[in-house]
Every structure is written in C-alpha cells, then in structure tokens.
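Protein chains in written order, with the numbering used here: chain A, 106 to 377; chain B, 89 to 370.
See structure below.
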Ligand SMILES: Nc1ncnc2c1ncn2[C@@H]1O[C@H](COP(=O)(O)OP(=O)(O)O)[C@@H](O)[C@H]1O
Ligand SMILES: [Mg+2]
C-alpha cells in the first residue's frame, strides 16, 4: 500500500492505522466483555497511572496491559509492537528534552559546553525523564488495550449511555460508518489512477491526487444524498435512534478487575 | 394483511429532468412482479416514489384506497419496504443489530417488540453471529442479507427489491432468489427490478417494462418476451429457455400447445411426458 500513497496523503496512512486497530478490535478475544466496563476500567487505570508517580507501577501496568492484549486479546505480536512503536518516537524525543537541562554553569556528571550555556544531564532530570517515559507508555498501553478490544461503534454506544449530547454521538456513528466507505472509494480511485500511470513522478502524482480528491468530494456528496434517502425510506423523522445492547457484565470480570486494582494500590504504597 | 397499491398518472422530475411520465399501475395483494428496462429508465425513481421517499409531482398513490399525501407518507415507508440496489447506501448504523432496529424504532414500537422483530429478522436471514459486526466487516452477500432484514423487521406488506442480484456472486444471488420466492410464498407482494431476463422469466408472474420514464409494456412474461419491439426498446434479452423452447417447437420436438415451461426442470418434465407418452402408445 505504501507505494501508492500519493504526496500529502498522510491522512490516508493514519486512516489505515485507525482501520487496523478497529479491525483487530473486531477479532479480539476480549470483544465479548461488557464494553462500559472496559471503558471504565481503562479510564480508571489511566487516572491512577497519571496520579501515581512510581516507575514500578508504570512498569507493572505496561507489562500487564501488553500481556493481556497479546494473550487474552490475541492481538498478533507484530501488530502490537508496530502499534506501540508509533508513539514511541514522539515520547523518546520528548523525554530527551525533559532529561537534558540547560544552565550557565556545568551541571551534573555529563554535560557538553555550547559556548554560552551548558547542556547536561543530572540525576534528577534523568529520573524525571525515565519516569515520564514509562508513565506515557503505561497510559498508551492501557488505551491500546481498550481500542484493541472494543470496536469504535461499541465505544460510541458507551458514550451514548453516558448521556453525551445526541448530536455528538450521532455524528460519531455517521463518521464511523462513512470513514470506511469513503476510504474504500478513495482507495479504488487511487488504484484506478495508478493503473493508468497516474502516480509516476512527483508532478503527475500531485495532479492525480488533486483529481482523486476532487472526485472523492463529489462522490461523498452523492453518497450523503443516498444516505438521506435510506433514512427517509425507513421513516426517519429527525431522530437517529438504534437499539443498543451490551454484552453482560460477568462477576468473574469484576473480580479480576478488583484484584488488579488492589495490586495497583499495593504497588503504589510500597513501590519505588 | 397484504394490501393493494395503486398509482394513477404519476409524474416525477429531478430539478427539471422528467424521469417518470404519467405512470399508472395497479398492484394486487400477493403479486410477483419484475420491473425491467435499460439503465436510466426510471425504475429506481419509481420505487422511491412508491416507498414515499420521493413525492410525485403530479398524480396520486393509493394504498388500500387511502390517498397518500405528503403528511401521511410514513404509511408508505412502513407498508412498502424498499431494499436498495446498493446495500452500502442503505446500511446506516454501525452494527447489524442497530441497523435492523432502525425501522421498527421509527415506527414507534416499544423496546420489547423491537427486540422481538430484530431477532426474527436476524434468524430469517440467517444472520446469527453477525449481530454485533460492523457493516464494513461483512461480505457483499451478508450486507445484502442485512439490507433485506432491515425491511423484514418492519413487517412491510409490499416488498420492493431494486436490482437484488446485481454485484452478488452466483451463490449469494441464488440464496437471494430463494428468499424472494419464500417471501412471496408467504403471501407478500413482491416487486423486483432486474436486467436478467432469465430470472424475470422464471420468477415473475407479471413483468412491467419501462423505457424513458414510461411503462411501455405490462403483462405475463410470455406476452412480454414475444414482442420483439419491446425487447429491443427496453434493451433486454429474450430468456434462453424461451428461445430454446421456440426452437424445439419449430423442429417439432416440443408440442405447440401454447404452453411454455418456466424452469429447466419443467421443460424436461414436459418433454419426458410427451415422449414417454408416445413410447407407451406405440
Ligand atoms: N438524485 C438524482 N438527481 C438527478 N437526476 C437523477 C437522480 N437520480 C437519478 N437521476 C436520473 O434519473 C434517471 C432515472 O434514473 P433511475 O431511476 O436511477 O433509473 P434506473 O433505476 O432505471 O436505472 C436517470 O437519467 C438519472 O440520471
Ligand atoms: Mg436503478
């Protein structure tokens, strides 16, 4: 796929990543767990990770979340590491910025002189950097576990149950439904342009991309008309309402979550 | 309870393009109709009018004698179900169960009844196990089944299928044909548009042919396909079975008693009957 991504189409790539996550969520072994509970679990976990400033806790969360996603959720190892590596660059760079301190005097053990100021790493700054690194990875791993086990449509249903404004959740439904259709259309158009040598060289690529984008817009307009017809044909009168049902919440799952949080609590108490 | 659908002199135009011209039809309860005609003849537009999505510019639609106006068009939505040509433009929700529930919820049914109807439609269309699947993870045939389940859950009396076999693989097309026949056998009125003469010939008891927004022929399959000018004008083909049977009549192999077989099996049966009968009399 990477060969036929035209210039300036980073969005396409992001979409692919998004679709990949949703795809594995559909297949996840954790799919049939109550989705409200999954969202609550991830959210609570995230709060604890942010609030507690302990490396051991972050490490524990990372290991637990990864193992759960891999063993229970059956997300392929390659996919999981690929997904985890997306934010990694960003986090590493940020942590370097945190770890390095600038000052007019030499600081700490390791420093370099930059004529007027010194850049150095102190014990403290290094520790902060490492802490932030693991904290970020812990937060990300817990959100990945949620998104790799709960398809977006089910997350939207949870938001609906939380009484979020209707306009918000209805829009999310539509966007979720349409992102895939439009992506599919875009992908087909791209292939058809490529089949006619539309992406040879930078200039033609740009031109073809503009054409694909243009016709994609037209087709999106047409599709929205068809969508409205489909709504009307089944008696739509301004309310977009669907039946939403949850997977049952099992005592076993509550118990496991409770044990998990007790362990977290203990680590927060005694860990470093 | 099946109902009678009547349209009188309806015309319809998109912006300023006349797409339906003065169409009148009367459709009795339990009929099995195929609508044929070239692309752009106005079949889909006619269906959208029948289902109440579009309102005719002139002319009237009557359902069981009740005149349908803009304000009671929801009766049409409910009584005349329309399965769109492209399942992708019909499916609106982000999972199968929600999708099927959309019609019944709009009809104002209570939750218990909605759940009951969704379950029924799911099992009728053999969609068990797909209930929580998002539409983009379904195959073309599965999406078609979902779009049919959508309409079944509304308990419509008249079912309209816009080119139901287009874009389906042969097995899915076969399944769909079986479902249409089953629904018809249960007493519902069925209308399906198609370009497939062989399907229309064996499926329908009545064929309506459209050309440039007008109904140019309306009759039994045999009547329709024996008019070369209609066949030519509507860009349709003569059914293979009918051509072959005419050849057999010309060669004096099949009897020329005006009785045409509708399926291959029937043809074989008629031939066997004729020749077995001859042998035994010799
Ligand atoms: N939404 C629309 N806006 C304008 N013109 C349309 C629209 N939908 C269909 N048409 C035109 O109406 C004519 C009939 O189309 P349609 O009813 O889809 O025919 P069929 O289903 O028989 O192929 C075509 O010429 C088509 O271009
Ligand atoms: Mg059409």
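For each residue, glycine too, the CB sits at the ideal point set by N, CA and C.
- In the pairwise beta carbon analysis, the region 177 to 192 of chain A is classified as not touching the region 101 to 117 of chain B: fewer than three pairs are separated by under 8 angstroms.
- DSSP, reduced to helix, strand and coil, places residue 244 (chain B) outside both helices and strands of the structure shown, so it counts as coil.
- DSSP, reduced to helix, strand and coil, places residue 110 (chain B) within a strand of the structure shown.
- Taking a C-beta distance under 8 angstroms as the contact criterion, residue 142 (chain A) and residue 358 (chain A) qualify as a contact pair.
- Rounded to the nearest angstrom, the gap between the Cα atoms of residue 155 (chain A) and residue 325 (chain A) is 41 angstroms.
- A Cβ-Cβ distance of about 14 angstroms is found for the pair residue 141 (chain B) and residue 131 (chain B), leaving them out of contact under the 8 angstroms criterion.
- A straight-line Cα-Cα distance of about 9 angstroms links residue 90 (chain B) and residue 167 (chain B).
- Neighbours of residue 349 (chain A) across chain B, judged by C-beta separation under 7 angstroms: 186.
- In the assembly as shown, residue 314 (chain A) is a buried residue. Its beta-carbon has 16 or more other beta-carbons within 10 Å.
- Taking a contact as a CB-CB distance under 8 angstroms, the pair residue 139 (chain B) and residue 164 (chain B) counts as one, their CB atoms being some 6 angstroms apart.
- Residue A:215 holds the alpha-carbon nearest to the alpha-carbon of residue 226 (chain A) among A:215, A:365, A:264.
- At a cut-off of 8 angstroms, the C-beta of residue 249 (chain B) has no neighbouring C-beta in chain A.
- What you get when you keep residues with a C-beta closer than 5 angstroms to any heavy atom of ligand 1 is B:102, B:107, B:127, B:128, B:129, B:130, B:131, B:132, B:133.
- Across the set B:343, B:177, B:114, B:221, the C-alpha of B:221 shows the shortest separation from the C-alpha of residue 128 (chain A).
- Residue 173 (chain B) has its CB nearer than 7 angstroms to a heavy atom of ligand 2.
- Note that the C-beta distance between residue 166 (chain A) and residue 203 (chain A) is not below 8 angstroms.
- Rounded to whole angstroms, the separation of the alpha carbons of residue 133 (chain A) and residue 205 (chain B) is 29 angstroms.
- At a cut-off of 8 angstroms between C-beta atoms, residue 268 (chain A) does not count as an interface residue with respect to chain B.
- Residue 278 (chain A) reaches chain B at 180, 181, 182, 186, counting residues in chain order whose Cβ is nearer than 9 angstroms.
- The beta carbons of residue 174 (chain B) and residue 293 (chain B) sit no closer together than 8 angstroms.
- In the DSSP assignment, residue 210 (chain B) falls within the alpha helix (DSSP H) that extends over 199 to 212.
- In this chain, the alpha helix (DSSP H) harbouring residue 262 (chain B) covers 258 to 273.
- In the DSSP assignment, residue 334 (chain A) falls within the unbroken alpha helix (DSSP H) covering 307 to 338.
- Taking 8 angstroms as the upper bound for CB-CB distance, residue 281 (chain A) and residue 317 (chain A) are not in contact here, some 23 angstroms apart.
- Taking non-hydrogen atoms of ligand 2 into account, the C-beta of residue 216 (chain B) is found less than 7 angstroms away from none of them.
- Of all C-beta pairs linking the region 176 to 185 of chain B to the region 146 to 159 of chain B, fewer than three are shorter than 8 angstroms, placing the two stretches out of contact.
- For a Cβ distance threshold of 7 angstroms, residue set 139, 141, 165, 170 of chain B lies close to residue 338 (chain A), ordered along the chain.
- Scanning chain A for C-beta atoms nearer than 8 angstroms to the C-beta of residue 258 (chain B) yields nothing, as the closest lies near 23 angstroms away.
- Contact with chain A is absent for residue 213 (chain B), since none of that chain's Cβ atoms lies less than 8 angstroms from the residue's Cβ.
- Contact between the region 221 to 231 of chain B and the region 251 to 263 of chain B is present: three or more C-beta pairs spanning the two stretches fall below 8 angstroms.
- With contacts defined by Cβ atoms closer than 8 angstroms, residue 209 (chain B) and residue 240 (chain B) form a contacting pair.
- Contact between residue 163 (chain A) and residue 351 (chain A) is absent: CB atoms are separated by about 31 angstroms, not below the 8 angstroms threshold.
- Among the residues facing chain B, residue 295 (chain A) is not included, as its CB has no counterpart in that chain under 8 angstroms away.
- Under the rule that a run must span 3 or more residues, the beta strand (DSSP E) segments found entirely inside the region 170 to 243 of chain A read 205 to 208, 215 to 219, 222 to 226.
- Listed along the chain, the chain A residues whose CB falls inside 7 angstroms of the CB of residue 225 (chain B) are 131.
- Per DSSP, the continuous beta strand (DSSP E) segment holding residue 302 (chain B) begins and ends at 302 to 307.
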